[in-house]
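Protein chains: 2
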Amino acid sequence: MRAIILTIGDELTGGHTIDTNSSYLAGRIGEQGIRVSRLETVGDDVKVIARQIEIALGDADLVFVTGGLGPTSDDITKEAVALATGRKMVIDPGLRAQLEARFKRYKSATPAVVDSLASIPENSEIIENRAGAAAGFSIEHGDARIFVMPGVPHEMEAVFVHGILPILRRLPRSEVTITRVLKTTGMSESTIAGKLEPVIDEIEAGLGYLPRPGGVELRLTARGSEDRVMRILSESTRIITAALGERVYSPEGEDIHFVVGRMLIDRGVTIAVAESCTGGLIGHLLTQVPGISAVFDRAIVAYSNSAKTDSLDVPAALIEEHGAVSPEVAEAMARGVRERAGTDIGLSTTGIAGPGGGTEEKPVGLVYFGLAGLEGSETGRMVFRGSREIVKLKAAVHGLDLVRCHLLGRGL
Amino acid sequence: MRAIILTIGDELTGGHTIDTNSSYLAGRIGEQGIRVSRLETVGDDVKVIARQIEIALGDADLVFVTGGLGPTSDDITKEAVALATGRKMVIDPGLRAQLEARFKRYKSATPAVVDSLASIPENSEIIENRAGAAAGFSIEHGDARIFVMPGVPHEMEAVFVHGILPILRRLPRSEVTITRVLKTTGMSESTIAGKLEPVIDEIEAGLGYLPRPGGVELRLTARGSEDRVMRILSESTRIITAALGERVYSPEGEDIHFVVGRMLIDRGVTIAVAESCTGGLIGHLLTQVPGISAVFDRAIVAYSNSAKTDSLDVPAALIEEHGAVSPEVAEAMARGVRERAGTDIGLSTTGIAGPGGGTEEKPVGLVYFGLAGLEGSETGRMVFRGSREIVKLKAAVHGLDLVRCHLLGRGL
Numbered sequence: 014m015r016a017i018i019l020t021i022g023d024e025l026t027g028g029h030t031i032d033t034n035s036s037y038l039a040g041r042i043g044e045q046g047i048r049v050s051r052l053e054t055v056g057d058d059v060k061v062i063a064r065q066i067e068i069a070l071g072d073a074d075l076v077f078v079t080g081g082l083g084p085t086s087d088d089i090t091k092e093a094v095a096l097a098t099g100r101k102m103v104i105d106p107g108l109r110a111q112l113e114a115r116f117k118r119y120k121s122a123t124p125a126v127v128d129s130l131a132s133i134p135e136n137s138e139i140i141e142n143r144a145g146a147a148a149g150f151s152i153e154h155g156d157a158r159i160f161v162m163p164g165v166p167h168e169m170e171a172v173f174v175h176g177i178l179p180i181l182r183r184l185p186r187s188e189v190t191i192t193r194v195l196k197t198t199g200m201s202e203s204t205i206a207g208k209l210e211p212v213i214d215e216i217e218a219g220l221g222y223l224p225r226p227g228g229v230e231l232r233l234t235a236r237g238s239e240d241r242v243m244r245i246l247s248e249s250t251r252i253i254t255a256a257l258g259e260r261v262y263s264p265e266g267e268d269i270h271f272v273v274g275r276m277l278i279d280r281g282v283t284i285a286v287a288e289s290c291t292g293g294l295i296g297h298l299l300t301q302v303p304g305i306s307a308v309f310d311r312a313i314v315a316y317s318n319s320a321k322t323d324s325l326d327v328p329a330a331l332i333e334e335h336g337a338v339s340p341e342v343a344e345a346m347a348r349g350v351r352e353r354a355g356t357d358i359g360l361s362t363t364g365i366a367g368p369g370g371g372t373e374e375k376p377v378g379l380v381y382f383g384l385a386g387l388e389g390s391e392t393g394r395m396v397f398r399g400s401r402e403i404v405k406l407k408a409a410v411h412g413l414d415l416v417r418c419h420l421l422g423r424g425l
Numbered sequence: 014m015r016a017i018i019l020t021i022g023d024e025l026t027g028g029h030t031i032d033t034n035s036s037y038l039a040g041r042i043g044e045q046g047i048r049v050s051r052l053e054t055v056g057d058d059v060k061v062i063a064r065q066i067e068i069a070l071g072d073a074d075l076v077f078v079t080g081g082l083g084p085t086s087d088d089i090t091k092e093a094v095a096l097a098t099g100r101k102m103v104i105d106p107g108l109r110a111q112l113e114a115r116f117k118r119y120k121s122a123t124p125a126v127v128d129s130l131a132s133i134p135e136n137s138e139i140i141e142n143r144a145g146a147a148a149g150f151s152i153e154h155g156d157a158r159i160f161v162m163p164g165v166p167h168e169m170e171a172v173f174v175h176g177i178l179p180i181l182r183r184l185p186r187s188e189v190t191i192t193r194v195l196k197t198t199g200m201s202e203s204t205i206a207g208k209l210e211p212v213i214d215e216i217e218a219g220l221g222y223l224p225r226p227g228g229v230e231l232r233l234t235a236r237g238s239e240d241r242v243m244r245i246l247s248e249s250t251r252i253i254t255a256a257l258g259e260r261v262y263s264p265e266g267e268d269i270h271f272v273v274g275r276m277l278i279d280r281g282v283t284i285a286v287a288e289s290c291t292g293g294l295i296g297h298l299l300t301q302v303p304g305i306s307a308v309f310d311r312a313i314v315a316y317s318n319s320a321k322t323d324s325l326d327v328p329a330a331l332i333e334e335h336g337a338v339s340p341e342v343a344e345a346m347a348r349g350v351r352e353r354a355g356t357d358i359g360l361s362t363t364g365i366a367g368p369g370g371g372t373e374e375k376p377v378g379l380v381y382f383g384l385a386g387l388e389g390s391e392t393g394r395m396v397f398r399g400s401r402e403i404v405k406l407k408a409a410v411h412g413l414d415l416v417r418c419h420l421l422g423r424g425l
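Respectively, the protein sequence lines represent chains V and X.
By the working numbering, the letter at position 303 of the first sequence is numbered 316, and the numbering carries on one by one without gaps.
By the working numbering, the letter at position 268 of the second sequence is numbered 281, and the numbering carries on one by one without gaps.
Printed below as a string of structure tokens:
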């Protein structure tokens, strides 16, 4: 069972928008054991879209299309699907009635807009869109089947989850291909390869390395019957986590802020953060976690020296003597925020995110970390490579990992 | 002149990684007036890659490939290019010598790794990689030309900017297609369409609407000689900004934090932020702007009520009386952070990001804003739709826009 995903829009081929629909769909379709063989993106050109749909219907069993279902002139995907599958466009009376009811409520659409939204290739199966006006639809064509969804991400997700996923779950299949992602931090690709060397022959799953700003992701892939695949994946995961120890922070591909956030919530450990070079990113990441308010008290983004002194009680003399980017100031920030917030843990960052501000002694990318806990406080030092954005991201991940290690009882 | 971008990696077709290379390249190539007709992604399968390269070389004048150039077993792009263009793989002696010198310094590669990295299809032109070990390369094939780059984003960018962009700039071309993005916030698609109605016939450029979490992006596209295109784009931009006024925050596709950050820096206006529901995101966005430390003093992410009281001087009685999510508390937060930091402006957010915590009176997505300045303070109220992440993002953009409007002298 092979799938192709086709996303449509001039904003994608023009590089103005990063395509997140492809990645979402590839992940969800892959989870069903269906192999995604190709992702494609084309602009708003009806002939080009029709041609790529025809090719895709020849190459794959399932074709997933997103984008271009709205009522404006650049929304031409439905015509392209009709062209590619040799169908006429018709106005669906049921869909039209629904749309009329919807727009009566909102008082916001002309009859032409309603007709345009209610037009679909004949004999399509309509798929409800609970999040917007543009319905999805599906067509069987030869041995293949095409699913068409809107391009706005939350509408695409609504159509996919409620209308398409149930169909995929019912598809018969003898063989599945499943990939599991293990996330690590704090070790390079070659260090990991060295540690896995002695056990590499025991790892039955296919193994891929993917270096990312916050650490290396390991991708384990297995193909076969579902039982066999699940057994291989869990056995391979066990072998790898035994070899790499706590450097694997998630065997399920989760981001570190969700892992750390849930550890804090589950253990009832409260935290406050004092950020300088990360500029609020650690606070932002922790507050992505639903329910974090039970344990996250505050983050003080103390960018200026006076902010460090008067909002974190870092002595001005300490900054004067060692500089704001120093282990001494990192430690004082962590202690200060913990003290002020009355939390179990205080975490701090201070460094030089760049692109300017570096010196020979304190280069761009240098970051000091402080972690204050019940038994005292510790500091760490890292030099990260990359742009301002990358340095901030790496520093935030490292800081969160320090909290994780602290909770695991290892200290810094 | 038509281009196709092909990105390679099982992590992409598996949905484990969002492909940002395609979007980056599409944008940069499009800026050169070259039309990107298709983006494609395939997994690590040498035959599939070779086939798609062959098809792309038939369909386009320029083919850009990223990913799969490293020394590990899943790095097979070079073999695929050799297969597609009918060339043998050879070890390039100059490249090998460079790699040996590089690895001598780092003491970290076996001879097999060096040979693998130095192998390229014969008669390729090598393109230096200043950011890593895997060099790029280029091949002329019939009337088309293929450029191959590593997949790690900062290495891809280094190879593209230093080695490929200069070649693209020298290409002869009679006609260019250029798209300009105007970013707006605070108006819906249909409101914008209504305001543009009276002048729509004067807008010579093609006009596309793209709704995004922080506002609607307008895409203007023109084709023709470079002179003509530039004239059409600037005239169309002038007409649209005249019709929409200050709701256009960037006529050059810039994100709002860069626009606001630079306004603050240019005018020497200092700012401090008090965040509750945005959780540090406003601080994070502002600190993405190089040089912001001259004007950004601090962000206090006061998640708990006690943090609001003791780090922002919000009276406990005020929270008791009105609740933490209220205009009164938003105003007190903005005043408090401005006072404490001694800045010109204080900005605050307090709201319910969800998914839990909403009530009938105060639903998920409700956010209050406070802005304190020299002449006093004001508050605003919005209800945003979407996930926790989307609500945070919309609230951060809206908060930054309040600062922009304040600086433009309009108040809230």
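For each residue, glycine too, the CB sits at the ideal point set by N, CA and C.
Since we're looking at a predicted model, the values are computed, not measured.
May I ask you to list the residues that DSSP assigns as paired with residue i?
i	result
F160/V	F77/V and S151/V
F382/V	T362/V and G393/V
K60/X	In the DSSP output, where bridge partners are listed per residue, K60/X has none listed.
Y37/X	Paired residue(s): none; Y37/X is not in a bridge.
P134/X	M102/X
L52/X	T54/V and I18/X
A287/V	I313/V and S361/V
Can you tell me whether residue i is buried or exposed, with buried defined as 16 or more other CB within 10 angstroms of its CB?
i	result
V476/V	Not covered by the structure: residue 476/V. The range shown for chain V is 14 to 425.
S238/X	exposed
R41/V	buried
D128/V	exposed
D240/X	exposed
K60/X	exposed
Which value, in whole angstroms, describes the spacing of the CA atoms of residue i and residue j?
i	j	result
T283/X	R158/X	51 Å
A16/V	G281/V	44 Å
L325/X	M346/X	6 Å
R348/X	L331/X	14 Å
G424/V	L384/V	Below a pLDDT of 50, predicted positions are generally treated as unreliable, and G424/V, at 48, falls in that range; the measurement from the model is reported next regardless. If I take the Cα positions, the gap works out to 9 Å.
R186/V	G43/V	13 Å
N136/V	K101/V	9 Å
G199/X	L294/X	19 Å
R401/V	G227/V	14 Å
A307/V	I278/V	7 Å
R260/X	S35/V	31 Å
V126/V	P84/V	6 Å
A354/V	M276/V	19 Å
G107/X	E153/X	20 Å
T362/X	A171/X	39 Å
A93/X	A146/X	20 Å
F309/X	I18/X	40 Å
Please name the residue in the options whose C-alpha comes closest to that of residue i.
i	options	result
V55/V	R48/V, V49/V and A63/V	A63/V
I47/V	I180/V, A347/V and N318/V	I180/V
T197/X	V327/X, E267/X and R244/X	E267/X
G71/X	A95/X, D156/X, K101/X and V103/X	D156/X
E138/V	R118/V, D105/V, R109/V and T123/V	D105/V
V174/V	L108/V, Y37/V and E202/V	Y37/V
L421/V	V338/V, V273/V, E333/V and P84/V	V273/V
A312/V	E334/V, S319/V, V49/V and E288/V	E288/V
D58/X	A256/V, V49/V and D23/V	V49/V
G336/X	P264/X, E374/X and G412/X	E374/X
G205/V	V229/V, R183/V, T190/V and I18/V	This sequence places Ile at residue 205/V; Gly is not what is there. Of the listed residues, the one whose Cα sits closest to I205/V is V229/V.
H297/V	R417/X, Y316/X and A73/X	Y316/X
Could you check whether the Cβ of residue i sits closer than 6 Å to any heavy atom belonging to the ligand PLP?
i	result
D414/X	This structure does not include the ligand PLP; it has no bound ligands of any sort.
Would residue i count as contacting chain A if we go by Cβ distances under 7 Å?
i	result
G43/V	In the structure shown, chain A cannot be found, because the protein chains are V and X.
If we require 3 or more residues per run, which beta strand (DSSP E) segments fall completely within the region 292–340 of chain V?
Restricted to the region 292–340 of chain V, the beta strand (DSSP E) segments that are unbroken, complete and at least 3 residues in length are 309–315, listed in chain order.
Ignoring anything shorter than 4 residues or poking outside the region 182–262 of chain V, list the alpha helix (DSSP H) runs there in chain order.
202–209 and 239–257
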